[in-house]
Amino acid sequence: MSDGASTAAYSDIYRRSLSDPEGFWREAAADIDWITPPERILDDSNPPFYRWYPGAVLNVCHNAVDRHVDAGRGDQAAIHYDSPVTGSKRTVTYAELLEQVRAVAGGLKGLGVEQGDRVVIYMPMVPEAVVAMLACARIGAVHSVVFGGFAPQELAARIDDAAPRVVLSASCGVEPSRVVPYKPFLDEAIKRSDHQPEHCVILQRDQLRAELGERDLDWDEFFSSESARAGADCVPVASTDPLYILYTSGTTGKPKGIYRDSGGYAVALRWSMKNLYDISPGETMFTASDIGWVVGHSYIVYAPLLTGATTILYEGKPIGTPDAGAFWRVIEEYGVSALFTAPTAFRAIKKEDADGALLKGYDLSGFRTLYLAGERLDPDTYEWASARLGVPVIDNWWQTETGWPIACNPKGIELLPIKPGSPTVAVCGYDVRILDPQGNEAPAGTEGAICIRLPMPPGTLPTLWQDDERYVSSYLSAFPGHYLTGDGGYLDEGGYLFVMGRTDDVLNVAGHRLSTGSIEAALAGHEAVAECAVIGVHDDLKGQVPRALVVLKSGIDAQSEGERIRAELVTRVRAEVGPVAALHQVDIVGGLPKTRSGKILRKTMREMADGANPAVPATIEDASVLEALGPVLRGS
């Protein structure tokens with residue numbers, strides 16, 4: 001049990017969160033320091049625009065930094081920065097973090113940034129990036145973190161939408177095989193933007209120093225300016241005011257600005273650390289993601305620090321920095337209690353070290369739990385990680401929009417039996433429903449659209465940034481009174497949720513609807529398969545047919561073994577999914593194209609297979625992988 005967690009069964013707590021949401025979230029709010037405590041908990045006067053803790057006032061930075069120093073824990077590590085790509089490490093205590101955040105907040109005020117102004121942060125995984133986020137929260141400015149190295153056009157779209165007064169950036173990012181020049185990307189983005197920020201502050205990195213222009217300031221000079229030396233205190237911020245904007249891709253091509261409020265988010269994250277992730281103050285959590293994604297916002301930065309835990313800021317990869325034992329080294333070195341990463345990372349580790357031999361060189365005796373999210377956790381990866389690590393492997397499912405898990409095994413309250421392929425049960429506050437196309441609830445075991453009955457719990461998006469109309473049309477119009485997740489799946493008889501993939505990844509084979517997830521699960525269970533993806537391609541007779549792309553484990557010769565493996569995979573799918581799946585084409589490939597957050601680009605591959613020439617997504621990790629697949633997908 002983590003501190004303060006109830007001993008009641010999770011099902012009782014969950015039922016109460018739906019039957020008495022105001023009482024439930026009033027109690028949860030007691031773990032946050034308020035300037036003006038909440039009297040009213042939920043404003044439901046203007047559906048579908050619900051607001052949590054209206055009238056309450058707080059400062060999120062105070063809750064994440066100052067209060068821990070005030071409580072006498074300033075000497076505790078707040079951040080362990082570990083950068084195998086640059087060979088550098090640094091530990092920042094809570095007291096040091098407070099000093100640095102005060103200085104950057106003062107520096108921003110010196111540049112004219114006021115409460116409500118926006119600041120774009122376009123930085124690599126360095127401590128200054130976390131400091132920048134907290135400094136914005138300290139003075140009530142709204143930060144918008146853009147993944148470091150994003151293409152100029154994508155950055156320009158975000159600058160135009162957020163209209164930042166200042167951009168905080170760096171000269172470059174460092175990856176295992178290359179140095180990425182951020183400053184030229186930023187300059188080009190500003191050139192393409194209608195909105196022009198007043199200042200850009202650039203952190204110079206030794207790997208590639210940037211030439212500064214008229215609007216640019218050197219980070220070190222900014223940090224030592226008179227305003228920075230004076231520092232800045234925390235300002236009162238309304239609970240319903242934005243803490244940050246985080247952009248996610250939109251179907252129209254224009255990114256959607258997810259609006260994250262301050263009070264509800266702080267309450268939800270603090271509650272989740274205790275009750276879902278089983279992390280107490282003083283313990284260490286390693287979230288192997290990036291601050292440019294929602295996982296990084298929530299579980300590298302805000303949730304651990306709101307809890308008074310220690311967080312790991314890791315500038316590296318699961319393999320190649322230097323090998324597939326990289327995560328085990330970090331866990332041992334910093335005494336990590338929980339690791340949170342994407343299934344893709346574990347598939348990469350499994351591909352390089354299938355027997356887990358590298359694990360034997362590290363002491364993981366203090367390691368308690370592995371959490372995986374960001375894409376579907378296939379049963380084969382679950383079984384591999386579970387067998388090698390000997391700790392609970394917990395799938396959790398959520399979205400940029402929700403900010404924290406929709407479904408998870410609530411280890412801090414009660415570790416429920418694990419069912420491979422399921423992120424377990426709906427989390428407190430989320431009334432998850434499976435709806436058919438007519439909006440009726442689907443029976444247990446029947447796939448449909450995964451929806452959440454309104455209102456959603458604190459911490460989830462109350463709307464889109466300056467676009468209420470798009471918020472309604474994108475998420476709320478398909479099924480009135482419900483938030484549409486965009487994923488398909490089902491609930492079993494025990495209430496376990498199974499997420500089978502995006503609804504646009506549903507195949508329609510001769511009138512039969514099949515999820516790519518079920519076919520991929522069958523493929524991934526084959527002993528030779530490291531990872532796989534299934535796409536639906538056009539077929540004149542059946543409308544669509546599935547096509548599989550598989551990556552084999554290291555050491556397996558595709559040339560001599562390929563024909564046998566392909567035949568076995570077709571047989572497996574026929575046996576486990578059924579003849580209607582009609583899988584005949586299995587391509588063995590060297591790699592699958594993914595976003596930097598680990599999602600496989602199924603839609604892009606599907607469009608290529610159907611003869612289109614889709615734009616390469618700005619989020620792609622390595623465009624050369626997609627380029628290499630082009631001839632395979634097009635059959636040339």
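With the UniProt record's numbering applied, the sequence shown covers 1 to 636.
Every residue gets a Cβ at the ideal spot worked out from N, C-alpha and C, and that includes glycine.
Across the stretch 42-50 and the stretch 8-17, are there enough close Cβ pairs to call them in contact, namely three or more that are closer than 8 Å? no
Residues near residue 74 in its chain [Cβ-Cβ closer than 8 Å; skip 5 each side]: As a working mapping, residue 74 is identified with position 74 in the sequence shown. Here the set comprises 68, 93, 94, 95, 98.
Taking buried to mean at least 16 other C-beta atoms within 10 Å of its own C-beta, is residue 538 buried or exposed? One-based indexing of the sequence shown puts residue 538 at position 538. When all chains shown are included, residue 538 counts as exposed.
In terms of alpha-carbon separation, which member of 364, 374, 360 lies closest to residue 343? Along the sequence shown, read from residue 1 onward, the residue named residue 343 stands at position 343. For the residues 364, 374, 360, the minimum Cα distance to residue 343 belongs to 374.
Three-state class that DSSP yields for residue 101 in the structure shown: Working through the sequence shown from its first residue, we reach residue 101 at position 101. In this structure, residue 101 counts as helix in the three-state DSSP scheme.
Taking one C-beta from the stretch 142-153 and one from the stretch 182-192 each time, how about it: are there three or more such pairs within less than 8 Å? yes
Per the contact definition of three or more C-beta pairs closer than 8 Å, is the stretch 159-169 in contact with the stretch 75-88? no
Can you name the start and end residues of the alpha helix (DSSP H) that residue 272 belongs to? If you number the sequence shown from 1, residue 272 lands on position 272. Unbroken alpha helix (DSSP H) run through residue 272: 263-275.
Only counting runs of 3 or more residues, tell me where the beta strand (DSSP E) segments fall wholly within the stretch 205-260, in order along the chain. 216-218, 242-248
Could you give the distance in angstroms between the alpha-carbon of residue 109 and the alpha-carbon of residue 630? For the purposes of this step, residue 109 is taken as residue 109 along the sequence shown, with counting starting at 1. For the purposes of this step, residue 630 is taken as residue 630 along the sequence shown, with counting starting at 1. In a straight line, the C-alpha of residue 109 is about 50 Å away from that of residue 630.
On the three-state DSSP scale, how would you describe residue 295? Taking the first residue of the sequence shown as position 1, residue 295 is located at position 295. Residue 295 falls in the helix class under three-state DSSP.
Return the CA-CA distance between residue 577 and residue 603, expressed in angstroms with no decimal places. By one-based count along the sequence shown, residue 577 stands at place 577. By one-based count along the sequence shown, residue 603 stands at place 603. Approximately 22 Å, taken between the alpha carbons.
Same chain only: Cβ atoms within 7 Å of residue 320, ignoring 5 sequence neighbours per side: Residue 320 sits at position 320 when you count from the first residue of the sequence shown. 176, listed in sequence order.
Look up residue 618 in the DSSP assignment and say whether it is helix, strand or coil. On the sequence shown, position 618 is the one that residue 618 refers to. DSSP places residue 618 in coil when its eight states are reduced to three.
Helix, strand or coil: which one does DSSP assign to residue 89? For the purposes of this step, residue 89 is taken as residue 89 along the sequence shown, with counting starting at 1. Residue 89 falls in the strand class under three-state DSSP.
Do you know how far the Cα of residue 429 is from the Cα of residue 547? Start at 1 with the first residue of the sequence shown, and residue 547 comes out as number 547. Start at 1 with the first residue of the sequence shown, and residue 429 comes out as number 429. The straight-line gap from Cα to Cα measures roughly 38 Å.
Following the continuous alpha helix (DSSP H) through residue 631, name the residue where it begins and the one where it ends. Position 631 of the sequence shown holds residue 631. Unbroken alpha helix (DSSP H) run through residue 631: 623-634.
Go ahead and pull the three-state DSSP assignment for residue 532. Residue 532 sits at position 532 when you count from the first residue of the sequence shown. Residue 532 falls in the strand class under three-state DSSP.
So, helix, strand or coil for residue 482, using DSSP? Here residue 482 is taken as the residue at index 482 of the sequence shown, counted from 1. Reduced to three states, the DSSP call for residue 482 is strand.
First and last residue of the beta strand (DSSP E) that includes residue 173? Position 173 of the sequence shown holds residue 173. Looking at the DSSP string, the run of the beta strand (DSSP E) that includes residue 173 is 172-175.
Ignoring anything shorter than 3 residues, give me the beta strand (DSSP E) runs that lie fully in the stretch 406-440, in order along the chain. 431-435
Integer Cβ distance of residue 146 from residue 315, believed to fall under 8 Å: The residue you call residue 146 lines up with position 146 of the sequence shown. The residue you call residue 315 lines up with position 315 of the sequence shown. With 8 Å as the limit, residue 146 and residue 315 do not qualify as a contact, their Cβ atoms being about 17 Å apart.
Per-residue DSSP class, three states only, for residue 448: Sequence index remark: in the sequence shown, residue 448 carries index 448 (1-based). Three-state DSSP puts residue 448 in a strand.
How close, in whole Å, do the beta carbons of residue 639 and residue 509 come, if the pair is a contact with beta carbons under 8 Å? Since the first residue shown for the chain is 1 and the last is 636, residue 639 is missing from the structure and cannot be characterised.
Tell me which residues share the same chain as residue 237 and place their Cβ nearer than 6 Å to its Cβ, disregarding the 5 neighbours each side in the sequence. Residue 237 sits at position 237 when you count from the first residue of the sequence shown. Here the set comprises 59, 140, 262.
Is it true that the CB of residue 423 sits closer than 8 Å to the CB of residue 50? Indexing the sequence shown from 1 puts residue 50 at position 50. Indexing the sequence shown from 1 puts residue 423 at position 423. No, the Cβ-Cβ distance between residue 50 and residue 423 is not below 8 Å.
Taking the beta carbon of residue 230 as the centre, do at least 16 other beta carbons fall within 10 Å, making it buried, or is it exposed? Taking the first residue of the sequence shown as position 1, residue 230 is located at position 230. With fewer than 16 other Cβ atoms within 10 Å, it is exposed.
Could you check the C-alpha separation between residue 305 and residue 134 for me, to the nearest Å? Reading the sequence shown from its first residue, position 305 is the one you call residue 305. Reading the sequence shown from its first residue, position 134 is the one you call residue 134. One C-alpha to the other measures close to 10 Å.
Taking only heavy atoms of the ligand ADP into account, decide whether any of them is closer than 7 Å to the Cβ of residue 276. For the ligand ADP, the structure offers nothing, since it holds no ligand at all.
Quick one: complete beta strand (DSSP E) runs, 3+ long, within the stretch 334-359? 338-341
Do residue 402 and residue 337 have their beta-carbon atoms positioned less than 8 Å apart in this structure? Within the sequence shown, the letter at position 337 stands for residue 337. Within the sequence shown, the letter at position 402 stands for residue 402. No, these two residues do not count as a Cβ contact at 8 Å.
Answer yes if the stretch 384-394 comes into contact with the stretch 468-485, meaning at least three C-beta pairs across the two stretches below 8 Å, and no otherwise. no
Under 8 Å between C-beta atoms of residue 551 and residue 531: Within the sequence shown, numbered from 1, the residue matching residue 551 stands at position 551. Within the sequence shown, numbered from 1, the residue matching residue 531 stands at position 531. Contact flag set, yes.
In angstroms with no decimal places, state the Cα-to-Cα distance between residue 503 and residue 36. Taking the first residue of the sequence shown as position 1, residue 503 is located at position 503. Taking the first residue of the sequence shown as position 1, residue 36 is located at position 36. Taking the straight line from one Cα to the other gives about 43 Å.
Determine the extent of the alpha helix (DSSP H) in which residue 182 is found, giving its start and end residues. Along the sequence shown, read from residue 1 onward, the residue named residue 182 stands at position 182. Start and end: 182-192.
4 or more residues per run - each alpha helix (DSSP H) lying fully within the stretch 44-88: 67-70
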